[in-house]
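Everything below concerns the one structure shown next.
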Amino acid sequence: MSMETTLSREDIVRLTERIEGAQTRAYAIPKLTDEYPAMTIGDGYAVQTELRRRFVSQGHRHVGWKAGLTSRAKMQQMGVNVPSIGFLTDRMARPENSAIATGDLVHPRVECEVAFVTKAELAGPACTRDDVLSATDYVLPAVEIIDSRFSGFQFDLESVIADNGSSARFVGGGRARDPHELDLRTLGVVMEKNGEIVAMGASAAVLGHPAEAVAMLVNILAELGERLPAGSFVMSGGITEAIAVAPGDNVIARFQDLGSVSMRFVA
Ligand code: OOG
Ligand code: MG
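Taken in order, the sequence shown gives residues 6 to 272; the numbers are from this note's numbering.
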C-alpha cells in the first residue's frame with residue numbers, strides 16, 4: 006500500500022474539520038473524493054491522523070485501533086477490496102447491556118468482531134499472525150457500532166479512511182479467553198436483532214484468521230510510522246455484513262466459546 010500524499014496541509018486541515026463537524030454533530034456529508042478526486046489513501050490517513058491529534062488534544066484517550074473491511078462480506082457490502090484501519094478512543098466505548106443513543110449518530114450499523122487486548126508492543130513492517138498471538142493478553146467478543154458520515158453510507162477507501170473507518174461506538178463483553186486455548190479460525194457467531202437471527206458467520210471470514218487482521222493493522226501502522234503499544238484494545242473487523250439499527254432495537258451477538266454481547270438502542 007502506498008502512503009503517498011498529494012493534499013496540501015491546508016486541505017488536510019479543512020477536510021479534518023469537515024469530518025470532525027459531521028462526526029460530532031451527526032450529519033451526513035458527500036464523500037471527500039467528490040471534491041478531491043485525486044485524493045490518495047495516504048491523504049485519507051493524513052486526515053485520520055489529524056483527527057486523532059485533535060481528539061487527543063481535546064482530552065479523548067486513545068485506547069486502541071480497529072481493522073475494517075477485513076472480511077469478504079464487508080468488502081462486498083461496501084464495494085471496497087482493501088482493508089483499512091481506524092483509531093478507538095475512550096469516548097466511543099459503551100458498557101455491555103447498556104442503552105446506546107442513536108440521536109448523536111447518522112445511520113448506525115452493528116457488526117460482530119473478535120477483539121484482542123495486547124500485553125506486549127507490536128511493530129511492523131513484518132508483523133505476523135504468530136507475533137500477534139504471542140503478544141495477546143486475551144481475546145474477547147465485541148460489537149462495533151459503525152456510522153459512516155457519508156450520505157447513503159456510500160464511500161470509497163480514501164474517504165472512509167479519512168472518516169476514521171466509520172468508527173463510532175464499540176462494546177466489549179462476554180468472556181475474556183487466552184487465544185491459545187481456542188481455535189480462533191473456526192469460532193461461530195450469530196447476531197440477533199429483536200430475537201431474530203440477522204447475520205451469522207465464522208471467524209475465518211476475517212482474512213482466514215482474526216489475528217491476521219491485527220498483523221495487517223500493525224503493518225499499516227508501521228507505514229504510518231507508529232507501533233501498537235502493550236495494553237491496546239484492537240478489533241479485528243466485522244465477520245458478517247453490518248446490520249442497521251434504530252431506536253427500540255435489541256441486539257445480541259453470540260460467540261462460540263466467548264459468550265455474548267448485548268445492547269439496546271434508544272433515541
Ligand atoms: C467501514 C468500516 C468497516 C469492519 O469491521 O469491516 C469495519 C464501513 O463499513 O463503514 O468496521
Ligand atoms: Mg468494524
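Beta carbons: idealized from backbone N, C-alpha and C, even for Gly.
Please read all numbers here as calculations on a predicted model, not as lab measurements.
Grab me the residues of residue i's own chain with a C-beta within less than 6 Å of its C-beta, minus the 5 sequence neighbours each way, in chain order.
i           : result
valine 256  : Val115, Lys198, Met268
alanine 33  : Val111, Ser156
alanine 216 : Arg134, Val137, Leu138
valine 85   : Leu74, Leu162
proline 252 : Thr107, Phe270, Val271, Ala272
If we ignore side chains and look at the alpha-carbon of each, how far apart do residue i and residue j end up?
i                 : j             : result
glutamate 161     : serine 241    : Note that residue 161 is aspartate in the sequence shown, not glutamate. Their Cα atoms are separated by approximately 20 Å.
leucine 37        : aspartate 95  : 26 Å
serine 237        : glycine 69    : 5 Å
leucine 56        : serine 171    : 13 Å
alanine 51        : arginine 30   : 22 Å
glycine 193       : glutamine 261 : 5 Å
proline 130       : glutamate 118 : 24 Å
serine 153        : glutamine 159 : 8 Å
threonine 107     : arginine 190  : 33 Å
alanine 235       : glutamine 53  : 22 Å
lysine 79         : alanine 207   : 13 Å
serine 13         : methionine 83 : 28 Å
proline 88        : alanine 220   : 12 Å
cysteine 132      : aspartate 142 : 17 Å
phenylalanine 175 : glycine 243   : 12 Å
valine 18         : arginine 66   : 21 Å
Is residue i helix, strand or coil when you go by DSSP?
i                 : result
threonine 133     : coil
isoleucine 257    : strand
proline 146       : strand
arginine 269      : strand
phenylalanine 160 : coil
glycine 59        : The sequence as given places arginine at residue 59; glycine does not occur at that position. Three-state result, arginine 59: helix.
leucine 192       : coil
glutamate 118     : strand
alanine 140       : helix
glutamate 186     : helix
For the ligand OOG, I want to know if residue i counts as a neighbour, meaning its beta carbon is within less than 6 Å of at least one of the ligand's heavy atoms.
i              : result
valine 119     : no
valine 165     : yes
isoleucine 257 : no
serine 153     : yes
glycine 243    : yes
methionine 4   : The requested residue 4 does not occur in the structure, where the chain is confined to residues 6 to 272.
methionine 205 : no
lysine 79      : yes
methionine 221 : no
methionine 268 : no
Is there at least one Cβ from chain B nearer than 7 Å to residue i's Cβ?
i              : result
isoleucine 151 : The question asks about chain B, but that chain is absent: this structure has only one protein chain.
Using a threshold of 6 Å, is the CB atom of residue i nearer than that to any non-hydrogen atom of the ligand MG?
i             : result
glycine 73    : yes
glutamate 40  : no
glutamate 22  : no
glutamate 116 : yes
glutamate 149 : yes
Report yes if the C-beta of residue i is less than 6 Å from at least one heavy atom of the ligand GDP; otherwise report no.
i          : result
serine 171 : Absence of the ligand GDP is noted for the structure shown, with the ligand OOG and the ligand MG being the only ligands found.
Under 7 Å Cβ to Cβ from residue i, same chain only, skipping five residues before and after it: list those, please.
i              : result
alanine 43     : Thr11
isoleucine 248 : Arg114, Val115, Met196, Lys198, Val203, Ala204
Closer than 8 Å by C-beta to residue i: which residues in its own chain qualify, once you throw out the five before and the five after it? Chain order, please.
i          : result
serine 7   : Thr45, Ile46, Gly47
serine 265 : Pro146, Gly178, Gly179, Ile257, Ala258, Arg259
So, does the stretch 133-141 touch the stretch 92-106, judging by three or more C-beta pairs under 8 Å?
no
Assess contact between the stretch 138-147 and the stretch 180-188, defined as three or more Cβ pairs (one per stretch) separated by less than 8 Å. Is contact present?
yes
I want to know whether the stretch 210-221 touches the stretch 72-89 - three or more CB-CB distances under 8 Å.
yes
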